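Asker: If you're matching them up, the sequences are chains L and B in order. Residue numbers 26 to 141, in this note's numbering, belong to the letters of the first sequence in order. Residue numbers 26 to 138, in this note's numbering, belong to the letters of the second sequence in order. Below are the structure tokens for one structure; questions will follow.
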Amino acid sequence: GAVVSQHPSRVICKSGTSVKIECRSLDFQATTMFWYRQFPKKSLMLMATSNEGSKATYEQGVEKDKFLINHASLTLSTLTVTSAHPEDSSFYICSARDRGRALEQYFGPGTRLTVT
Amino acid sequence: GENVEQHPSTLSVQEGDSAVIKCTYSDSASNYFPWYKQELGKGPQLIIDIRSNVGEKKDQRIAVTLNKTAKHFSLHITETQPEDSAVYFCAASLNFGNEKLTFGTGTRLTIIP
């Protein structure tokens with residue numbers, strides 16, 4: 026149980042284009058999903074928290090117009106990197122909190138974004 | 026806000042020996058402390074967690090201890106195996122609905138066969 030999937034696992038895009046990453050909870054309902062960014066050999070940096078049906082809460086320093094987050098249902102959240110630039114290249118990971126288990130966060134496998 | 030420090034950053038142990046990773050936190054209100062294992066190119070996997078009303082929790086070869094007075098908690102892995110090699114992260118959060126996790130900086134554990 027408690028499986029979270031992400032799609033795609035890897036994506037390469039050109040500067041100026043937009044990329045959408047999907048995060049799905051496969052066997053549970055997630056009232057809250059989190060989006061993280063991780064640089065090589067570094068810890069996870071929380072970008073934003075999203076709740077189903079409401080606007081995401083962004084961490085300080087994260088541009089909400091650049092990183093669009095939509096949490097349309099209890100099993101799906103999307104992160105869209107708009108007008109991507111090479112400095113947006115990173116490993117993006119989502120996590121989901123099970124509606125029935127208030128504290129545990131379960132992570133997806135991550136998406137490697139490379140912007141050329 | 027919460028600040029979590031983790032030590033050591035790298036750790037090598039002989040297969041079969043024990044490994045201990047330590048974390049300290051700053052916010053005395055934090056009361057949920059999970060540990061995650063991350064393998065190369067993958068997302069973190071929850072391996073064990075502890076709540077502040079418990080001092081120790083064990084799951085087979087893995088145990089976590091919590092000292093609320095000193096604000097530190099530790100991960101203990103006994104009888105280590107090569108598949109235990111990974112990066113381990115500790116984290117802390119408050120026990121409310123949407124509270125976010127604050128992560129430590131990670132420990133790269135290498136098990137030497």
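The C-beta atom is built at its ideal place from N, Cα and C for all residues, glycine as well. Since the structure is predicted, the reported quantities are computational estimates derived from the model, not experimental observations.
Could you have a look at B/Pro59 and say whether DSSP puts it in helix, strand or coil?
Answerer: One-based indexing of the second sequence puts residue 59 of chain B at position 34. Three-state DSSP puts B/Pro59 in a strand.
Asker: Taking the alpha-carbon of L/Asp90 as reference, which of L/Ser68, L/Glu77, L/Ala73, L/Ser102 has the nearest alpha-carbon?
Answerer: In the first sequence, the residue the question calls residue 90 of chain L occupies position 65. Cα-wise, what sits closest to L/Asp90 is L/Ala73.
Asker: Which residues in chain L sit within 8 Å of B/Asp84, going by Cβ to Cβ distance?
Answerer: Residue numbering aside, residue 84 of chain B sits at position 59 when the second sequence is read from its first letter. Here the premise fails: no neighbours, minimum Cβ distance about 14 Å.
Asker: Are any of the Cβ atoms in chain B nearer than 8 Å to that of L/Ile37?
Answerer: Mapped onto the first sequence, residue 37 of chain L falls at position 12. With 8 Å as the cut-off, L/Ile37 does not count as an interface residue toward chain B.
Asker: Hey, B/Thr130 and B/Ser43 are a contact pair by Cβ (cut 8 Å); roughly how many whole angstroms apart?
Answerer: One-based indexing of the second sequence puts residue 130 of chain B at position 105. One-based indexing of the second sequence puts residue 43 of chain B at position 18. Wrong, their Cβ atoms sit about 22 Å apart, outside the cutoff.
Asker: Between B/Gly80 and chain L, is any beta-carbon pair separated by less than 8 Å?
Answerer: Taking the second sequence and counting its residues from 1, the one referred to as residue 80 of chain B is at position 55. So no, B/Gly80 is outside the interface.
Asker: Let me know the secondary structure DSSP gives L/Glu129 once reduced to three states.
Answerer: Sequence index remark: in the first sequence, residue 129 of chain L carries index 104 (1-based). Reduced to three states, the DSSP call for L/Glu129 is coil.
Asker: Decide yes or no for the touch test of the region 115–125 of chain L against the region 45–52 of chain L: beta carbon pairs closer than 8 Å, at least 3 of them.
Answerer: At 8 Å Cβ cutoff, the stretches touch.
Asker: B/Gln106 lies in the beta strand (DSSP E); which residues open and close that run?
Answerer: Numbered from its first residue, the second sequence carries residue 106 of chain B at position 81. Run containing B/Gln106: none; DSSP gives neither H nor E here.
Asker: B/Tyr174 touches chain L at which residues, Cβ-Cβ below 8 Å?
Answerer: Chain B is shown from 26 up to 138; residue 174 of chain B falls before or after that span and cannot be answered.
Asker: Anything in chain L within Cβ reach of B/Thr49, meaning under 8 Å, just list it in chain order.
Answerer: Position 24 of the second sequence, counted from the start, is the residue given in the question as residue 49 of chain B. Those do not exist, as B/Thr49 stays about 15 Å from chain L at its closest Cβ, beyond 8 Å.
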